[in-house]
Every structure is written in C-alpha cells, then in structure tokens.
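The structure under discussion appears below in the form of structure tokens.
There are 2 protein chains.
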Amino acid sequence: MQRVDVLRRIVADAGADAAVVTDLADVRWLCGFSGSNGLLVVTTDGATLVTDGRYRVQAAQEVGDAEVAIASGPLFKHVSELNLLAKAEHILFQHDALTVKAHRDLTAAAPSAEFIGRSRLLAEHRARKSPFEIDAIRRAQKITDTVFGELLSIIREGMTEAELSAEIVYRHLRLGAERMAFEPIVASGPNGALPHARPSARRLQRGDLVVLDFGCVIDGYASDMTRTISIGEPADQEATRVYDVVVEALLRSTAEARAGVEAVQLDAVARDVIGEAGYGEYFQHGLGHGVGLETHEWPRVSHNAESVIPEHSVVTLEPGVYLPGRFGVRVEDLVVVGQKGADVLTTSTKELIRV
Amino acid sequence: MQRVDVLRRIVADAGADAAVVTDLADVRWLCGFSGSNGLLVVTTDGATLVTDGRYRVQAAQEVGDAEVAIASGPLFKHVSELNLLAKAEHILFQHDALTVKAHRDLTAAAPSAEFIGRSRLLAEHRARKSPFEIDAIRRAQKITDTVFGELLSIIREGMTEAELSAEIVYRHLRLGAERMAFEPIVASGPNGALPHARPSARRLQRGDLVVLDFGCVIDGYASDMTRTISIGEPADQEATRVYDVVVEALLRSTAEARAGVEAVQLDAVARDVIGEAGYGEYFQHGLGHGVGLETHEWPRVSHNAESVIPEHSVVTLEPGVYLPGRFGVRVEDLVVVGQKGADVLTTSTKELIRV
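If you're matching them up, the sequences are chains A and B in order. Each residue of the first sequence is one higher than the last, beginning at 1 in the numbering used here. Each residue of the second sequence is one higher than the last, beginning at 1001 in the numbering used here.
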C-alpha cells in the first residue's frame, strides 16, 4: 500500500475526509520531499505538496504520489487559493506540529470544516521500517563505526573534547555523511557524568573515561552509537566494574528485544541489571528510542513508555551509569527488531578500550 | 534596564500582567538559558525559568534575573503546580512559537485568564545589539574569515563540493567555533544558480565559479558570509561582468546602510544596480537579514519588508545573480549599523579570486 493510502485509512478510521501534514519528517516519509518548508494536503481523491519557489526543482525530482504546488506567499494561503480543502468537512491536523498562528491560517483555508488535532499521526507506521530504510540506517551506522575505528588511532592525552568532536564531524563528512544526526558528545572525566554534556575545552587526561556519542545521516536516515573508552588505565577504581555492569545491561536487553515486547519491559531488563549491581539511582534516562528520519522518534524505550516495539523497528539500546563528579559510562547499540530477536547494526567492540 | 524589565514594559503596554516566553532564542536573550527545553514565565513581580532535570546544573550557572524551576514532567504542568500564573488575568504568549497542543496545556495552567497571542514579541529589542553581542558576532566572523583564507590554499580542481564542505566545518570547529550556524553551501558551476544548493558529489572543474556561504556560532551568536571564487579563469564569458555587478550592488547598499533607513529602501539600492545592468530577474531573494542568536532574525532586508533598520543592528547584505544552468554569484558581508553608516565586520577581499 502506498504511504499516502496509509494516511487515507487513518483519516477514514477517524471519520474524517482530509489531513494536513505539517511535521516535515512525516511529509518526507509520505511523499519524499526533503525541503525545509512544505506541507502535504491529503484528501480522499488527491494529495498535494505545497512548498515555496526555492524548492521548485527539488520538489519535482523528489515527490511521488502527490501533486506539487508552488506558493508565492504563505503556504496556507495557497492551500486556500487552490481550494484544496474545499470539499473537506472533517480535517485531521497535527496539533503537536502546528503553531497557534499557523492553525489560525489553516482554519481560514476551510472556515466551515471541523478540525481534529492529532499527536503522533504516523509514528507507529514510520516505526516499521522498509528494507530501503533499514539499509540506509545500516549504511549510516557503517560510517559511524568506521569513524570510531579511526578515532582510536588519533585519540591521545592532551587533546580537548572540542578537538576530538571536530575530528568526529570531519571524518563522517569525508566518508560521505550528508550531515551529523546531532552534535557529537565528547564527555571526559567528570563531564562524562552529565548525560548531555557538550564538547568543551577540557583536555583528555590519563585515567579518564571518555563518553563518545555520535551519529550521521545518509539518504535522510540517522545512525546513533555510544562507546566509552579509557585514556590509559582507568584512574577510578570503580570504573571497570561500572563498565562491565553497563555492557551486561546492554547485552541482556538486546537478548530480550523482539517484536511485540513492551518498551517498559525491555527497559526493565537493563534497569534490573544496573539496579542489582547497586547503581540504579545513577541510570536516570530511558533505555533507548526509535531511530529513522529523526534521530529520536517513536517508540521511546523507557520505564514510563506505553508502547509495544513493532517488527522492523530500529531502536537504540543505551544503558548508562553516571557518578556525579567522577565519571560516566554509556554504551549504545543500534538494533533492528525482528520476530525472533534483534539484529545489531553496530559493529564496534563493546570491550573497554584503553588508548 | 534589565531585559526582563523590557519584557515587563511590553506586557504593561499591552494591558497584560504576564508573559509566557517559549521561543528559545528569546528565552536565552532574556535570562541566559541556552538549553533545548525551557520556557520563561514573567509576571509583574517575578520571573521563572522552567526546564527539566537534564539542565539543573547548566541552568543554575547560566540564568540571571530569574528563578529556576526543574520540572519532572511536562513544563506547562509544572507552571500550573507552581501557580506561576495564578494571579495573572491577561497573559501574552508567542503564537508563532507554541503548538496548538502546548497552547492547550498552557491555558489549563491559567484557566480563567485571557491569552493574547503575539508575533515577534522581542524582535525589535533583540535587533539592537549590546557591545557584548557585537563582540561575539565579530569573533565568530573572524573565525569565518580565517577559514575562508585557509580554503584558498586547499581548494583545487577535482575536489567535490562535499569534501570542501567538510573542510569548512572542520576548520571552524578547530578554531573554536561552538558549532556551524548553518550547513555550509558549496555550489559549483551550474549548482551555483540554485541559491540554496546543498554540497554534492560534483567535482570542481576548471572554469567553474563556486559560491561559498558559511558561518559559525561563538557564545551563542552567529556569523554569516558568502564569497564566490573561480577555479582558474572563469569559463563563462559573462562571469566577471556579473561578479562586478554583484559587488557594486553590495558596495552601494553598504554605503546606504545607517540607522533609520527603511529595509525596502536599502534593498532597492542593490536591486537597482542589478536591474540597471540587466540582471534584475536573476536576483530573486531579499538583500539580507538580521543576525544574532539566530542566523536569520529580524529585520529582513527585502523589497517587501516593512521594517526600519535600527541602530546597533547586525545585518547581512548579500546580493546575488543566478543564471539558470550556467552559474551563480553571491557576495555577502556582515555589517553593524550605526548612526552615520555601517561597520563591515567581514574582512575577506571582495575581488574575484582565481585559485
């Protein structure tokens, strides 16, 4: 079934007769358009991508399953001018991807229609990846694993976190990444205890653990991996023990990952390993998240997520332990979830590397 | 006057008694917080930044002129729990920076209040840069000029646009940039005729013009410059003439830039130069835009902008001519607008460089 028809079924199931898609990742998934300004109007008998003149050539090349309309002014005004919603009486829209101001412009384009706000309109469909999508993620992750291998020969005491981050970005782009999926995390020594630290001018010191978290984009799809390495022998006596616990949590949760498992149950497998080792209070984030056109997408794999992990979804598993003022350890793999188990895309070793 | 008091005056002028700031650049400008999840509630006698636990340490370090509250769940729920809007009857909010869903959560935090949607709540205040802000932009632009100088010794026939883009990113990060302000544009030969081309696998060829557009971020503030260079002698006979016209448009508009000039008038100076040379239809975008915490911010300098350029604003001036299927030329400087004229921050030559 064409993806636009998937949306038409959602529309029909909601008793509606049209949908306005404003989340750009959803727009891309539905019709292929990758520009930064656009929306897709889907009705029972039509589908139209509305964008601006900058994207005339690109939209013509990228868009399948939809007409392309070029607006000279605001996009919603053009929706109105083209009467795209003239026959619609009940219209789904994305209330988590539309500003209050844009909503006012949208309702003006169909003043007598009823508008029905929806969250996560296509999240569960986007989670079930096609072979093409899995291949793109695999190729992105291959670049990321290659870069990690290259880093091991250049990381040395005295480098700053920011210098190492520059190398990570440069090597991804040189290997053909379209862009980074997110700003790399290079968090050394005590900075490693901050799960979202930004690369700083701190120099890597002998005995530091260093948390490295990075990923790139190929054909629109993201990779995402974390490894924690040591500059020489770890200075903190507890470091190798914590490292082993985190890897054990990763391996056990990977072994439990399969289609149909509840996210909360998968999270609990890792959380129990870490809790039994006495570090439960130092693992404060969820176990993982879906990856695709967005680096973070549905399903969340967390103690408070209500989702069931679907077949062919691609998720991260990334347990971590963060000891404030001392160090952090996080190890993250990217896996494809199948009926019988998980296929791990990440090929880098999970042994503690000392450089 | 403290910036939070600037907002209080806007609130009072609107007959309101509180404001909820959800645009993250505005939040940063008001109280210093640079995280990716937060909002600021300002009332007549208080100001509170609400963020999540990831930013506990960072918010404590960054935020002045406001209390910090850490939410364990949704931010608006915490606004409600803390009764931050309990006494407010008329509340300004940013209808161009709040989703329909978040607006529902916001109104639930003050069910009996009237909510007043505003666009560009702080745009004109943010445009008037402080000496610190101008200095940060100057430092960012200095790195960008330095990188351009380095590029001239490495650009050669046969490199791909993507390889050159990787060098641009790497060298900015090595020189201390926090991050790139936007993805670099490296558009060679016919790709140069697409104003928003992305770096591709196309190899630079002898005779190509190459449009290079890039900038970085220092202390939160962006730089932005464009130069067009030639690989050897330009192959297209019209290239040097077009180049001279574009630079003339830049120089003439720079000479007219001063506090109080209308954006449309400044745009017209450049547009007239290009139009009189016969290329008017090939200059399809505005002349420039404000630069600060965001790479593109108020004021737009365009034929359909209604703004007057204020003193101490920092804007780009970036005329271009794009001949479809042949080549493009854009030359962009960053200027500080003063009472008597413009101070050009960009130091790279505007001569046509042949490498």
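A virtual CB, placed ideally from N, CA and C, is assigned to each residue, including glycine. Note that the structure is a prediction, hence the values are computed from the model and not measured.
- Under the 8 Å criterion on CB atoms, Pro-319(A) is classed as non-interfacial with respect to chain B.
- In this structure, the alpha-carbon of Val-1335(B) lies about 6 Å from that of Ala-1342(B).
- Scanning chain A for C-beta atoms nearer than 9 Å to the C-beta of Ser-1165(B) yields Leu-173, reported in chain order.
- Ala-222(A) and Val-291(A) have their C-alpha atoms some 7 Å from each other.
- Cβ proximity to chain B below 8 Å picks out Gly-117, Ser-119 from the segment 110–129 of chain A.
- In the structure shown, the three-state DSSP call for Glu-248(A) is helix.
- By the neighbour-count definition (other C-beta atoms within 10 Å, threshold 16), Met-1(A) is an exposed residue.
- Membership of Ala-47(A) in the beta strand (DSSP E) is indicated by the continuous run 47–52.
- At a cut-off of 8 Å, the C-beta of Val-100(A) has a neighbouring C-beta in chain B.
- Checking the DSSP bridge columns, you'll see Asp-1333(B) partnered with Leu-1317(B).
- Not flagged as an interface residue toward chain B: Val-329(A), since no C-beta distance is shorter than 8 Å.
- For the set Lys-101(A), Thr-44(A), Val-308(A), Ile-137(A), the Cα lying nearest the Cα of Arg-258(A) is the one of Val-308(A).
- Residues of chain A whose Cβ lies closer than 8 Å to the Cβ of His-1095(B) are, in chain order, Thr-99, Val-100, Lys-101, Arg-104.
- The secondary-structure analysis by DSSP pairs His-1289(B) across a beta bridge with Arg-1300(B).
- Residue contact check for Val-1186(B) against chain A: no CB pair falls below 8 Å.
- Interface annotation, His-1296(B): not in contact with chain A, CB-CB separation never under 8 Å.
- Rounded to the nearest whole angstrom, the CA to CA distance from Thr-346(A) to Ser-313(A) is 15 Å.
- If you look at Leu-1209(B), you'll find it in the beta strand (DSSP E) that goes 1209–1214.
- If you check the CB distance, Leu-1287(B) and Leu-1266(B) come in under 8 Å.
- Arg-56(A) and Phe-33(A) have their C-alpha atoms spaced approximately 11 Å apart.
- Here Val-1169(B) carries a helix assignment [DSSP, helix/strand/coil].
- Taking the C-beta atoms as reference points, Ala-187(A) is found nearer than 8 Å to Ala-197(A).
- Contact annotation, Val-329(A) with Val-269(A): C-beta distance approximately 18 Å; criterion of less than 8 Å not satisfied.
- Residue state for Arg-9(A) is assigned as helix, using DSSP reduced to three classes.
- Asp-343(A) is bridged by DSSP to Val-336(A).
- Here DSSP, grouped into helix, strand and coil, assigns Glu-1311(B) to coil.
- Each of Ile-168(A), Gly-189(A), Val-41(A) was checked against the Cα of Gly-207(A), and the nearest Cα belongs to Gly-189(A).
- Per the DSSP secondary-structure output, Gly-1328(B) pairs in a beta bridge with Tyr-1322(B).
- For the pair Leu-49(A) and Arg-28(A), the Cα-to-Cα distance works out to about 10 Å.
- In the structure shown, Val-57(A) falls within a helical segment according to DSSP collapsed to helix, strand and coil.
- The three-state secondary structure of Gly-1015(B), taken from DSSP, is coil.
- For the pair Ala-249(A) and Pro-299(A), the CB atoms are not nearer than the 8 Å cut-off.
- Assigned with DSSP and collapsed to three states, His-196(A) falls in coil, not helix or strand.
- Here the alpha carbons of Glu-1276(B) and Ala-59(A) stand approximately 32 Å from one another.
- Taking the Cα of Asp-1096(B) as reference, the smallest distance to any Cα among Asp-105(A), Phe-93(A), Ala-88(A) is reached at Asp-105(A).
- By the C-beta density criterion, Asn-83(A) is exposed, having fewer than 16 other C-beta atoms within 10 angstroms.
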